[in-house]
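Below is one structure; the comments refer to it alone.
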Amino acid sequence: MLISEAQHTVADYSQKWVQMKRNTILKQQLEINTLKETVGKQQAEIAQLRAENVQLRAADNARGIEMNRLKERSSVVLQTTDKLLGKYDDITKWYDLRNKTISDNVKQMTSSYEMTRKRVNTLLNERCKAQEVL
């Protein structure tokens, strides 16, 4: 009986050990499956982030191209502004000179007119006096 009990105990122990080993393997397989699932999700998220990164780089490049185009347009506008300011200065100088010339001519005409008026008045007075004398 002892041997039979010992064999029974060994058999029970073996069965329990196999059951424990099976449970451990199942737990490990469950953990492995969970880890595989987590890794799969992370890889999907990484792929999504890479795609988003590509889109963001493309958008950034497009903004850079647009910014360069705007800088070029800004340069052209500034050059045009400088040219227009130069032309404005030239035109202003020309008109100032023209106005001064006109002003000088008007002063000269005014003085000529005054002299002519005085002579005419003098001649008119002399004529009137001459006609009175006669």
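Numbering of the sequence shown is given in our numbering, commencing with residue 47 and proceeding in unit increments.
For every residue, glycine included, the Cβ atom is placed at its ideal position computed from N, Cα and C.
Go through its chain and collect everything with a Cβ distance to residue i's Cβ below 7 Å, but skip five positions before and after it.
i      : result
Gln154 : none
Lys87  : none
Measure the C-alpha to C-alpha separation of residue i and residue j and round it to an integer number of angstroms.
i      : j      : result
Asn99  : Thr138 : 57 Å
Ser158 : Asn171 : 20 Å
Leu72  : Glu83  : 16 Å
Trp63  : Leu102 : 57 Å
Asp58  : Arg68  : 15 Å
Asp128 : Val152 : 36 Å
Met113 : Ser121 : 12 Å
Asp136 : Thr168 : 48 Å
Lys133 : Ile148 : 22 Å
Glu77  : Leu116 : 57 Å
Ala104 : Met66  : 56 Å
Ala90  : Gly110 : 30 Å
Gln74  : Thr55  : 28 Å
Ala93  : Leu131 : 56 Å
Met47  : Thr70  : Only weak support exists for where Met47 lies, its pLDDT of 47 falling under 50; the value from the coordinates is given anyway. So the two alpha carbons sit approximately 33 Å from each other.
Lys146 : Thr156 : 15 Å
Thr126 : Glu118 : 12 Å
Ala97  : Gln61  : 53 Å
Arg173 : Lys164 : 14 Å
Excluding the 5 residues preceding and the 5 following residue i in the sequence, name in chain order all residues of the same chain whose CB lies nearer than 6 Å to its CB.
i      : result
Gln177 : none
Curious, which full-length alpha helix (DSSP H) runs of at least 4 residues does the region 79 to 165 contain?
-> none
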